[in-house]
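>
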Amino acid sequence: MDSAKPANVVQLDAHGGLRHLLTLDGLPRGQIARLLDRAEELREQSHGGTRTLDLLAGRTVINLFFEPSTRTRTSFDLAAQRLGAHVINFDIASSSTSKGESLLDTVHTLEAMHCDAFVVRHKESGTPAYIARHLHSNAAVLNAGDGNHAHPTQGLLDALTLRRHVQDFSTLRVAICGDIRHSRVARSDVHALRALGVRDLRVCAPAQLLPDVDEFAHCRLFEDFDAALDGANVAIMLRLQKERMQAAIPSEAEYFERFGLSTQRLQRAAPECLVMHPGPMNRGVEIAGEVADGPRSLILEQVGNGVFVRMAVLAELLAGAASR
Amino acid sequence: MDSAKPANVVQLDAHGGLRHLLTLDGLPRGQIARLLDRAEELREQSHGGTRTLDLLAGRTVINLFFEPSTRTRTSFDLAAQRLGAHVINFDIASSSTSKGESLLDTVHTLEAMHCDAFVVRHKESGTPAYIARHLHSNAAVLNAGDGNHAHPTQGLLDALTLRRHVQDFSTLRVAICGDIRHSRVARSDVHALRALGVRDLRVCAPAQLLPDVDEFAHCRLFEDFDAALDGANVAIMLRLQKERMQAAIPSEAEYFERFGLSTQRLQRAAPECLVMHPGPMNRGVEIAGEVADGPRSLILEQVGNGVFVRMAVLAELLAGAASR
Amino acid sequence: MDSAKPANVVQLDAHGGLRHLLTLDGLPRGQIARLLDRAEELREQSHGGTRTLDLLAGRTVINLFFEPSTRTRTSFDLAAQRLGAHVINFDIASSSTSKGESLLDTVHTLEAMHCDAFVVRHKESGTPAYIARHLHSNAAVLNAGDGNHAHPTQGLLDALTLRRHVQDFSTLRVAICGDIRHSRVARSDVHALRALGVRDLRVCAPAQLLPDVDEFAHCRLFEDFDAALDGANVAIMLRLQKERMQAAIPSEAEYFERFGLSTQRLQRAAPECLVMHPGPMNRGVEIAGEVADGPRSLILEQVGNGVFVRMAVLAELLAGAASR
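Okay, here's the thing in structure tokens:
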């Protein structure tokens, strides 16, 4: 049965071209570089997002969000609008389409109205790939976050952000800290960073929130954040879901004490260590406000790059080679 | 008092031209044909919905939905966007404007901001006509479904869909099955089909859900779906509202047994009988999944035609003769 | 600390130019006149709101509404769309961003996606000014109503409406009646009317809902609506919040009896007294339906002018001198 096909197989066409963006896992390094290059081109062509392009004029992009999200949805919405596309925001309480059947009926109905891209967020891993496998049309599926599985545009925007600050990835030391086990951001960041050539990758979490060793085979696992941070050039802090924290750590204060990035703790890292966070932040829980707002923070650059990366993915999937 | 004027009188101007689209009941056959022809023209001109036209550039279309609906609202939204209009989606909990006075204040307020068309869905029959009678401006009202009364764009899209598959309507046998009594779709379909020249029209429902004989005077009424389906060339299955079903039939399984369209039951119909459903479907209740997805199903074609029909109605009402 | 700076200082740049629109209090009379003139120009250029201008093509306007509002948000949405801007509607339950920190994180995130203007409504006075003081970019903030403080575009649209009907403001007698104490509309109207040169300004409310004398120093305060209305050329009726009424008056009927504008009571005013209301109205509470719909009512003109005033403010703040 084709539902067993891994996401990376589904997202590539017979010639290795990108049909959907479901995961960065297994995506060829050249594809990733090409998307990042295109994001830079679109930044220039759109004058930093202030000039509307017509690459996707007449095209229809549907934001199909089964989980609430304002920031990611707004980023995709702006990306599509700035490429000249029509945008439909289709928010769905998970409850009303909890069954696979009716999910596909919704998708096929929207396809029948003609739709060029679905931007999908869903709390269950694999939903975007499931949709991609069952499409009737040539529509593209963009994964905007599925369960613990992947958040590929976040991985790409983090890669784009780092590429603007880092010369040599082969000697870079990157620490990712937070609820690694349940984090789609951590997974997509690891895939993006390895594609850029990063070799020293460290993931750090409280014991209960560490992932299986096999899944993060190329990373070193830490329970001690001080050790993980030692000599790091980049620290990526993840948002802690409050409901998960309680399983791991008795209080926010104690979490911050052990895993929060404070100014003091940052001194363990390499000089000029860059600080990243996918947002939204819990200030005082996983990151101190003064670090988030400090001179090493790339957090708002990440947000800005997110729009260009999403423009690039939409342009790549919908406008194709013809428009380049 | 003018509130007694029937909807069909309200929707026509002094020269018989279309001012609003409130019902297909009494709408001249030529008007219906003209709207269907225009839908086909717009399908071509918009390259199947992938090229934005500028027929309604600068115009404002307001989706005024007092009942939740994502599929119909999205269809109107795309239709308006693809004609170049500005679209405002104005969802209103029925509760906050349950009184007629405040409904009209809302409408007059939106008119005062300049609005060219109101697309209105409301759970009470007659609300779109009520709004049309009390407008201050030249805005057009498009009924997107009112109570049990009418859903004229659904009737038109079903007619458009059938016209693409059927040569001779005079010999066609059409069976509509479901909660006929409460169905605005059944009413608008009957009006559209009669305008196309269909003479053998059969409606079928459990006894409690059959309509008054007078209202469906040109149809034959059936409680036995097998009999209704006998030799039919088209079967239109209606969505069963779960809360209504319980009054009629003890369980979904029993409903399906007696009134559901299964592959087996479909053999009672004429060979190559076409299958339609306005959506959203309850698979396994009024229609078997394999029939819905089968080779005779026009269900997704209906959805696609819906956008072109709505473009045609908007263009006819707003762009007028000048743009043709 | 800069948070002590009054809103009027924040909204002007070093040369006295308008950077944000936070309040009409202290805004130079020339600035107000200029905005009203521009609204008239835009009314003409947009052919009454039916032709889209491209003054803000490529620009992004974000409606950041922390309080529900459909009418004001729709007015800003249409204003921005008719100037060619991209619009993002960002509705936020007050609860999720009740803390200042996360409010600013939201704002900075949206700024980082590039945003030219924030249209802000919030139940707490001072929030738009707070945001304006903490922006990272050149984005403009437009106050769409903050607590009891200000609703400057309402003040401007009321001024624009009156300017179309009144020759000489210096001899005009204006009565504003309702919950003055808690009304941002009353405050902004008083500032706008004084800028137009109105000298005889009367505010009227039940005792508990009268403001402090100091704050409305240039107005006469009344508890007796008949006295306040005596010889008035303009009556501005305010919406009564039901929850506030109960503190002031035992019932809606009694409120109407004492403070409602009936046809009979209107005879106390000057002949041809103009009637205004910012909407939405409680008919039969603060205003009789026949007065609201009567020949002296400017209520729907106010709504129409609202779109042009908001276009003018957006154009002034974003398109700058270059486009004039």
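Just so you know, the sequences run in chain order A, B and C.
Anchor point for the first sequence: position 174 equals 174 in the numbering used here, and the numbering is continuous, going up by one each time.
In short: position in the second sequence from 1, add 1000, done, that's the numbering used here.
In short: position in the third sequence from 1, add 2000, done, that's the numbering used here.
The C-beta atom is built at its ideal place from N, Cα and C for all residues, glycine as well.
For L22(A) versus N143(A), is the C-beta distance shorter than 8 angstroms?
Contact: yes.
> Using beta carbons (cut-off 8 angstroms, strictly below), is L78(A) in contact with chain C?
For L78(A), the answer is yes, since a Cβ of chain C falls inside 8 angstroms of its Cβ.
> Taking 8 angstroms as the limit between beta carbons, can you name the residues of its chain near P1280(B), skipping five residues before and five after?
Closer than 8 angstroms at the Cβ level, and outside the excluded window around P1280(B), lie R1071, R1239.
> By the criterion of Cβ-Cβ separation under 7 angstroms, what are the contact partners of M281(A) in chain C?
What M281(A) touches in chain C: D2105.
> So which residues of chain A does T2060(C) contact, with C-beta pairs closer than 9 angstroms?
The answer, in chain order, is G49, T50, L78, Q81, R82.
> A2270(C) by DSSP, collapsed to three states: which one?
Coil at A2270(C), not helix or strand.
> What residues from the region 1121 to 1146 of chain B come within 9 angstroms of chain C, judged by C-beta to C-beta, listed N to C?
From the region 1121 to 1146 of chain B, only H1136 have a Cβ closer than 9 angstroms to chain C.
> Under three-state DSSP, which class holds S95(A)?
In this prediction, S95(A) scores a pLDDT of 39, lower than 50, which makes its location untrustworthy; the coordinate-derived value is nonetheless stated afterwards. Helix at S95(A).
> Against chain A, does T1161(B) count as a neighbour if the rule is that its beta carbon must be under 8 angstroms from one of theirs?
False, the Cβ-Cβ gap to chain A never drops below 8 angstroms.
> Can you give me the C-alpha to C-alpha distance between T1153(B) and P278(A), rounded to a whole angstrom?
Distance between the alpha carbons of T1153(B) and P278(A): 45 angstroms.
> Check each candidate in T2050(C), F2169(C), V2087(C) and name the one with the smallest Cα separation from L1056(B).
That would be T2050(C), whose Cα lies nearest to the Cα of L1056(B).
> Interface residues of chain B around S2075(C) at Cβ under 7 angstroms?
Here the neighbours are M1113.
> Note the first and the last residue of the continuous alpha helix (DSSP H) segment covering R1202(B).
From DSSP, R1202(B) is part of no alpha helix (DSSP H) but of the beta strand (DSSP E) over 1200 to 1204.
> When you check each C-beta in the region 257 to 282 of chain A against every C-beta of chain B, which residues fall closer than 8 angstroms?
Within the region 257 to 282 of chain A, no residue qualifies.
> Quick check: the Cα distance between V2213(C) and S2183(C), rounded to an integer number of angstroms?
Going from the Cα of V2213(C) to the Cα of S2183(C) covers about 15 angstroms.
> Give me the Cα-Cα distance between D200(A) and L210(A), rounded to the nearest whole angstrom.
Cα-Cα distance, rounded: 18 angstroms.
> When DSSP labels each residue in this structure, what does S1974(C) get in the three-state scheme?
The displayed coordinates of chain C run from 2001 to 2324. Any statement about residue 1974(C) would go beyond what the structure contains.
> Please state if the CB of R19(A) and the CB of A195(A) are separated by a distance shorter than 8 angstroms.
Contact: no.
> Out of L300(A), A288(A), A205(A), H191(A), point me to the one whose CA is closest to N8(A)'s CA.
Residue H191(A) is the option with its Cα nearest to N8(A).
> Using a Cβ-Cβ cutoff of less than 6 angstroms, which residues in the same chain neighbour I32(A) once the five nearest sequence positions on both sides are dropped?
Excluding sequence neighbours, I32(A) sits near A195.
> Answer yes if the region 295 to 305 of chain A comes into contact with the region 118 to 132 of chain A, meaning at least three C-beta pairs across the two stretches below 8 angstroms, and no otherwise.
Cβ pair count under 8 angstroms is below three, so no.
> Is the CB-CB distance between D105(A) and F65(A) below 8 angstroms?
No.
> Verify the CB distance criterion: does F169(A) have a CB-CB separation below 8 angstroms to chain B?
Closer than 8 angstroms: no.
> Can you list the residues of chain B that V2119(C) reaches, using a CB-CB cut of under 8 angstroms?
Going along chain B, no residue has its Cβ under 8 angstroms from V2119(C), so there is no contact; the nearest lies around 15 angstroms.
> Determine the closest residue to A1205(B) out of A1159(B), G1147(B), E1257(B), with distance taken between C-alpha atoms.
The candidate whose alpha carbon is nearest that of A1205(B) is E1257(B).
> From the beta carbon of A2033(C), is the nearest beta carbon of chain A less than 8 angstroms away?
So no, A2033(C) is outside the interface.
> Ordered along the chain, which non-local residues of its own chain (more than five positions away) have a Cβ less than 8 angstroms from that of L2317(C)?
Excluding residues within five positions, the ones whose Cβ falls inside 8 angstroms are L2018, R2019, H2020, L2021, A2117, A2140, L2142.
> Closest by CA to H165(A), which one among V307(A), C273(A), G26(A), A292(A)?
Out of V307(A), C273(A), G26(A), A292(A), C273(A) has the C-alpha closest to the C-alpha of H165(A).
> Hey, would you say I2088(C) sits closer than 8 angstroms to T74(A), going by beta carbons?
In contact: I2088(C) and T74(A) (Cβ atoms closer than 8 angstroms).
> For E2207(C) and Q2264(C), I'd like the C-alpha separation in whole angstroms.
A small fix is needed here, since residue 2207(C) is Ala in this sequence, not Glu. Between A2207(C) and Q2264(C), the C-alpha separation is close to 23 angstroms.
> Can a CB atom of chain C be found closer than 8 angstroms to the CB of V307(A)?
Judged by the 8 angstroms Cβ criterion, V307(A) is in contact with chain C.
> Within 10 angstroms of the Cβ of R1043(B), are there 16 or more other Cβ atoms? Answer buried if so, exposed if not.
R1043(B) should be labelled buried.
> In terms of DSSP beta bridges, what is F2177(C) paired with?
Looking at the sequence provided, one finds Cys at residue 2177(C) rather than Phe. In the DSSP output, where bridge partners are listed per residue, C2177(C) has C2204(C), M2237(C).
> Does A1057(B) come within less than 8 angstroms of chain C when only Cβ atoms are used?
Interface residue, yes.
> Skipping 5 residues on each side, what residues in its chain have a beta carbon closer than 6 angstroms to that of V61(A)?
Only A80, A85, V87, A117 meet the Cβ criterion.
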